[in-house]
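Numbering (our numbering), first residue to last: 8 to 309.
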């Protein structure tokens, strides 16, 4: 199998990674984290979420964060937008990309967003149209694409059906997310191959959680079938409040270490990401969930 010469890493730590932290993280710390990640060389950083603070209190400072970050030309700063109110806030905050979301599992859609998959897509129709009108990139995210804590197995056909709906809304990129981390390489390849029949493979991204230690293997398997965009979270931050047992996203440091070893270009400086991971972990009062990051940091002290 031919692997890509270059991959795009979408850094999701500032949003997906921090959204479920119970202790309030100041806007200043979030701004510092985003700025460190910008300097490290990411082309796309998920920086904010314009959802109701009632549901995600940690994201209440998103407007302040977006106003305070030091932007770099060419970098896409993304924001999650669940509805038109969220879109308007993201637009005012200068988001370069808005993210809409659904699920490949009907059971998870009901638990996560209190509606069916079809209803969720309808809710986003106005957001999608507004994004196109304002020239903002539109990204669709499909959770539970490899398994669901409520439904169990999710088939490639179910994922492809949602990809088609997202495609028809005009999404520029579509995330295939392993929300509970149950995917394995052969399964991942089957899903990625199927969805690439509905949407260009170079606009499909893999979003893997490392619950069962399969995230890096699943990224490699995805590359073997042509996927070249992956999400990761600095220091392995993150989880999902509506998916029991879902541990963090795959750590960015671990992904970069693997890509560097494979000779695949990312444009991202691993050492600077390790520094960013140590920075945010110290503020959270715990060790980073990244084997590569912690190993590199420990080697510096030796």
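Even glycine gets a Cβ: it sits at the ideal position worked out from N, Cα and C. If you're wondering where the values come from, they're calculated on a predicted model, not measured in any experiment.
- Task: Pull up the distance between the alpha-carbon of residue 149 and that of residue 202, whole angstroms please.
- Result: 11 Å
- Rounded straight-line distance, which links the Cα of residue 275 to that of residue 120: 34 Å
- Message: Please tell me whether residue 291 and residue 28 are closer than 9 Å, where the distance is taken between their beta carbons.
- Response: yes
- Query: Among 194, 181 and 127, which has the Cα closest to the Cα of residue 154?
  - Reply: 194
- Item | chain B contact for residue 112 (CB, 9 Å cutoff) | Any reference to chain B falls outside this structure, which holds one protein chain only.
- Message: Quick check: the Cα distance between residue 218 and residue 296, rounded to an integer number of angstroms?
- Response: Inter-residue distance for residue 218 and residue 296 is about 12 Å (C-alpha atoms, whole angstroms).
- Give every residue of the same chain whose Cβ lies closer than 7 Å to the Cβ of residue 206, excluding the five residues on either side of it in the sequence, and list them in chain order. Here the set comprises 170, 174 and 181.
- Query: Mind checking whether residue 283 and residue 242 have CB atoms under 9 Å apart?
  - Reply: In contact: residue 283 and residue 242 (Cβ atoms closer than 9 Å).
- Item | residue 68 burial status per 10 Å Cβ neighbour count (16 or more: buried) | buried
- Item | Top-ranked residue by Cα proximity to residue 17, from 41, 197, 111 and 33 | 41
- Given that a residue counts as buried once 16 or more other Cβ atoms are within 10 Å of its Cβ, and exposed if not, what is residue 235? buried
- Task: Taking all protein chains shown into account, decide if residue 307 is buried (16 or more other Cβ within 10 angstroms of its Cβ) or exposed.
- Result: Exposure of residue 307 is indicated by the presence of fewer than 16 other C-beta atoms within 10 angstroms of its C-beta.
- Kindly provide the ranges of any beta strand (DSSP E) runs that are 3 or more residues long and lie completely inside the stretch 25 to 78, ordered along the chain. 51 to 56
- Task: Let me know if residue 162 comes out buried or exposed under the rule of 16 or more other beta-carbons within 10 Å of its beta-carbon.
- Result: So residue 162 ends up on the exposed side.
- Message: Spatial neighbours of residue 272 within its chain, please: C-beta separation below 7 Å, excluding the five flanking residues on both sides.
- Response: 12 and 13
- On a CA-only basis, which of 97, 298, 84 and 267 is nearest residue 138? Give me that one, please. 97
- Message: Going by DSSP, what residue range makes up the beta strand (DSSP E) through residue 182?
- Response: It spans 180 to 185 - the beta strand (DSSP E) in which residue 182 sits, taken as one unbroken run.
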